[in-house]
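Novice: In the numbering used here, the protein residues as written are 54 to 404.
The beta carbon of each residue, even a glycine, is placed where N, CA and C say it ideally should be.
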Amino acid sequence: MAKKDQLITGVDIGSHAVKVCQLQRSGKGYKLSAIGSALLPEGAVEDGILQEPEIVGKAIAALFKNLKIKSKRIGISISGYSVIVKKINLEYMTDDELDKYILAEAEQYIPFDIEDVYLDYRKLPTSSKERDRSDLMLVAAKKEVVDDYLMMLDELKLKTVLVDVDGFALENIWETSSKTGAEQQNIVLVDIGASKMNINIIKEGISVLARDVVVGSNQLTMQLANTLDIDEEQAEQIKLGAISPGEHQDLVEDIFNQTCTQWILEIKKAVDLYQANNPNHPLSALVLSGGGSKVAGLVDYIGQETGLNVISFNPFETMKVDEKKIDRHYLDSIAPEMAIATGLAIRQAPF
Ligand SMILES: Nc1ncnc2c1ncn2[C@@H]1O[C@H](COP(=O)(O)OP(=O)(O)OP(=O)(O)O)[C@@H](O)[C@H]1O
Ligand SMILES: [Mg+2]
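As structure tokens, then:
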């Protein structure tokens, strides 16, 4: 295979698990060649910060070994308080002028000292009414937080060639895998992880609202543990339906209902804000991903409450799969939480 076709390996380091995905180009699409995840102990990654580099490093090394991944070029994504994503609107400038402007003026847009962050931006297509203006998506990530990840990966002899943001990786894989016309649609992407929910609303191919909310599936585990007075491991098993809650069935259902209702309120806040500002661009679907989205009945519940068509995201639906190595049923069951790793894995490795 020509080197320019080489794709990077996606490594999504979440608070609950590390997910790894490797794709190859196949015709106009992709073929999945390796996929896997490894659980992390609680506290190893917290609020997007790498707290236990050794433990996380071991988990990643073991995954690469088990999956027989030889390539060293990887992409990771970050999220949480240490990364700021902001859309700004400026008067039109050339690329050179923009570079200079961002360096000089970024400070007014972000709450961190400019010395302490890595800065990046991308130009957004500007609406035809505003030819004299440019829209930018500015990203600022705390150096110390990013560097902790880079150092840990460096120790593993991995070469990190991409540091993305969770929400962008998700947006990329949605646009790639939704067959046609994704750029004409208005959709809500919602990723419910263990400790955070990422909401990203895409209008005609452009992100117009992006936020992280600190809710997630771990809430369910904690509440089950507290209410039933059991340890977290048991609570997790009850949550996943692996152990029956017996006489506590009703209590468990109450906890699920309350927590999912809270998630939906957060989703509705974002959707309502979008709809108020964009009455002529109705949303056509809500696309759900993340392990937390696998709560039984959640897809229907969100559909009822928002009136939107809710899709459980399977990024592999339109891909070929190496069926000798990867079981389709297993793949379907893990697809939602693999979305971000897959969004990293579609990126090309630079030379
Ligand atoms: N069927 C299920 N019902 C409810 N929760 C589930 C189910 N399957 C997995 N989960 C939960 O999903 C979470 C893991 O999802 P995911 O891998 O997306 O999280 P993460 O990326 O590690 O977390 P974060 O992005 O918040 O840091 C865990 O809390 C796990 O218990
Ligand atoms: Mg995640």
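One question on the structure: do Leu254 and Val261 come within less than 7 Å of each other, judged by their Cβ atoms?
Specialist: The amino acid at residue 254 is misidentified as Leu; the sequence shows Ile. In contact: Ile254 and Val261 (Cβ atoms closer than 7 Å).
Novice: The alpha helix (DSSP H) with Met205 in it runs from where to where?
Specialist: 196-208
Novice: Within the present structure, is the beta-carbon of Gly67 separated from the nearest heavy atom of ligand 2 by less than 6 Å?
Specialist: yes
Novice: Just to confirm my understanding: we take Asn271, look at its own chain, exclude 5 residues before and 5 after, and list those with CB closer than 8 Å. What are they?
Specialist: Ser68, His69, Ala247, Ser248
Novice: Whole-angstrom Cβ separation of Leu336 and Tyr327, contact assumed at under 8 Å?
Specialist: 7 Å
Novice: Is Met54 helix, strand or coil when you go by DSSP?
Specialist: Residue placement at Met54 cannot be trusted, given a pLDDT of 46 that sits under 50; what the coordinates show is reported in the next sentence. When DSSP states are grouped into helix, strand and coil, Met54 belongs to the coil group.
Novice: Report the option in Thr274, Ile131, Gly343, Ser79 whose CA atom is closest to the CA atom of Val192.
Specialist: Ile131
Novice: For Leu397 and Thr371, what's the separation of their Cα atoms in angstroms?
Specialist: If I take the Cα positions, the gap works out to 17 Å.
Novice: Beta-carbon within less than 7 Å of Ile399's beta-carbon, same chain only, minus the 5 sequence neighbours each way: which residues are those?
Specialist: Within the same chain, Ile399 has close Cβ partners Leu60, Leu76, Tyr83, Asn225, Ile226, Thr229.
Novice: Taking buried to mean at least 16 other C-beta atoms within 10 Å of its own C-beta, is Thr274 buried or exposed?
Specialist: If you draw a 10 Å sphere on the C-beta of Thr274, you find 16 or more other C-beta atoms in it, and that means buried.
Novice: Which residues in the same chain as Met54 place their Cβ atom closer than 7 Å to its Cβ, once the five residues preceding and following it in sequence are excluded?
Specialist: With a pLDDT of 46 at Met54, under the threshold of 50, the modelled position of this residue cannot be trusted; read the value that follows with caution. Excluding residues within five positions, none has a Cβ falling inside 7 Å.
Novice: Are Gln104 and Gly110 touching if we call contact CB-CB under 7 Å?
Specialist: no
Novice: In the DSSP output, what is Ile131 paired with across the bridge?
Specialist: Val218
Novice: Return yes when the Cβ of Lys72 is within less than 7 Å of the Cβ of Arg126, no when it is not.
Specialist: no
Novice: Counting C-beta neighbours from all protein chains within 10 Å, is the total for Leu156 16 or more, i.e. buried, or is it exposed?
Specialist: exposed
Novice: What separation, rounded to the nearest whole angstrom, lies between the Cα atoms of Gln194 and Ile122?
Specialist: Residue identity differs from the one stated: residue 194 is Ala in this sequence, not Gln. C-alpha separation (whole angstroms): 28 Å.
Novice: Going by the C-beta, is Gly246 closer than 6 Å to any heavy atom of ligand 2?
Specialist: yes
Novice: Quick one: measure Cβ to Cβ for Asp169 and Lys196, integer angstroms, because I've assumed they're closer than 8 Å.
Specialist: 6 Å
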